[in-house]
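This report refers to the structure that appears directly beneath it.
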Amino acid sequence: MRQPKEKSRYFTFLLYEDSAPKNYLELLESLNIPMAISPWHDLDIKTEKLTPEEQKLRDQGQVIYKKKHRHAIYIAANPVTSDAVRRRLQRLFADYTNKPVVSSVQIIKTTVADTYAYLTHESKEAIRQKKHIYDSKDIVLLSNFDLVRYQVLDVEMKEDILNKILDVVYVNELENIIELRQYFAVCDDIEAMFGVSDIRQLNKIIRENTGIIRLYLDGNYQNHQKQIDNGDR
8 MRQPKEKSRY FTFLLYEDSA PKNYLELLES LNIPMAISPW HDLDIKTEKL
58 TPEEQKLRDQ GQVIYKKKHR HAIYIAANPV TSDAVRRRLQ RLFADYTNKP
108 VVSSVQIIKT TVADTYAYLT HESKEAIRQK KHIYDSKDIV LLSNFDLVRY
158 QVLDVEMKED ILNKILDVVY VNELENIIEL RQYFAVCDDI EAMFGVSDIR
208 QLNKIIRENT GIIRLYLDGN YQNHQKQIDN GDR
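Using this note's numbering, you'd call the opening residue of the sequence shown number 8 and step up by one each time.
This is the structure we're talking about:
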């Protein structure tokens, strides 16, 4: 019995300049599918599957670059297979070129955030491999692509962020949720401190943990009241 093919909402694919029609962005936009398109990768060094001529040039000390291409993130409305995404993209370009415009349609196995960072080679793995970093200003977002909506935090990450929030409440002796929001508002780097890129993610974790956060806030309030009653403040 054949195993059913894996389905997902989150995919990535490659698009090559030498086969893409001039209006490829407009065509992709017409699908009304949220996508993020990388800058053109024209400085990716080719180290595998070299032709004999490329190998000869490399042996002579020349740098061989991959074909100019873009990476794309594709967010399907419902879980589908990578074959379904590939066929849809092929049909999209069929009337404009007989060349294969897209390739390597794959389910995202890490996170959308990590894949997004790879669009400019700013993911940890790309940095480790010392790949050329491209300008994030050249990323193209289609159909209201919103990275925060597709970031999924696992249980361990949520627990770590909650502990950091509780530390902020405790160390800064915050007494209510307004003071906590004010702290976030003046925080210089939310991502560096809490590990998330958007205040909405912090708000979601707060909503999911209002009970314990309220205990910390109330505890600070009670301590302050005792200090006032004892004449310490």
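From the three backbone atoms N, C-alpha and C, an ideal C-beta is built for every residue, glycine too.
(message) Residues in the same chain with beta-carbon distance under 7 Å from lysine 14, minus the five sequence neighbours each way, listed in chain order, please.
(response) Against the sequence shown, residue 14 aligns to sequence position 7. Closer than 7 Å at the Cβ level, and outside the excluded window around lysine 14, lie Pro86, Val87 and Thr88.
(request) Using the Cα positions of leucine 222 and glycine 202, report the straight-line distance between them to the nearest angstrom. (result) Taking the sequence shown and counting its residues from 1, the one referred to as residue 222 is at position 215. Taking the sequence shown and counting its residues from 1, the one referred to as residue 202 is at position 195. Their backbone Cα atoms lie some 24 Å apart in a straight line.
(request) May I have the straight-line CA-CA distance separating proline 41 from aspartate 153, to the nearest angstrom? (result) As a working note, residue 41 is residue 34 in the sequence shown. As a working note, residue 153 is residue 146 in the sequence shown. Approximately 8 Å between the Cα atoms of the pair.
(request) Measure the C-alpha to C-alpha separation of tyrosine 103 and threonine 117 and round it to an integer number of angstroms. (result) In the sequence shown, the residue the question calls residue 103 occupies position 96. In the sequence shown, the residue the question calls residue 117 occupies position 110. Cα to Cα, the separation comes out at about 33 Å.
(request) Taking 8 Å as the threshold, find out whether the stretch 140–151 comes into contact with the stretch 61–76 through three or more Cβ pairs. (result) no
(message) If I follow the unbroken alpha helix (DSSP H) through asparagine 227, where does it start and stop?
(response) Here residue 227 corresponds to residue number 220 of the sequence shown, with the count starting at 1. Start and end: 217–236.
(request) Determine, using beta carbons only, whether glutamate 182 and leucine 224 come nearer to each other than 8 Å. (result) As a working mapping, residue 182 is identified with position 175 in the sequence shown. As a working mapping, residue 224 is identified with position 217 in the sequence shown. Yes; because the gap between Cβ atoms is below 8 Å, this pair is in contact.
(message) For alanine 192, count the other beta carbons within 10 Å of its own beta carbon; 16 or more makes it buried, fewer makes it exposed. Which is it?
(response) Taking the sequence shown and counting its residues from 1, one reaches residue 192 at position 185. By the 10 Å Cβ count, alanine 192 comes out exposed.
(request) Hey, could you find the ends of the alpha helix (DSSP H) serine 15 is sitting in? (result) For the purposes of this step, residue 15 is taken as the residue at position 8 of the sequence shown. That residue, serine 15, is in no alpha helix (DSSP H); its beta strand (DSSP E) goes 15–23.
(request) Return helix, strand or coil for tyrosine 141, following the three-state DSSP convention. (result) Counting from one through the sequence shown, the residue named residue 141 turns up at place 134. Tyrosine 141: coil per DSSP, three-state reduction.
(message) Need the endpoints of the alpha helix (DSSP H) that serine 89 sits in, please.
(response) Here residue 89 refers to the residue found at position 82 of the sequence shown. Per DSSP, serine 89 belongs to the alpha helix (DSSP H) from 89–100.
(message) Taking 8 Å as the threshold (C-beta atoms), are valine 108 and tyrosine 31 in contact?
(response) Mapped onto the sequence shown, residue 31 falls at position 24. Mapped onto the sequence shown, residue 108 falls at position 101. Yes. Within cutoff.
(message) So if DSSP puts isoleucine 114 in a beta bridge, which residue, or which two residues, is it bridged to?
(response) Here residue 114 refers to the residue found at position 107 when the sequence shown is read from its first residue. DSSP output for isoleucine 114 lists Phe18 as bridge partner(s).
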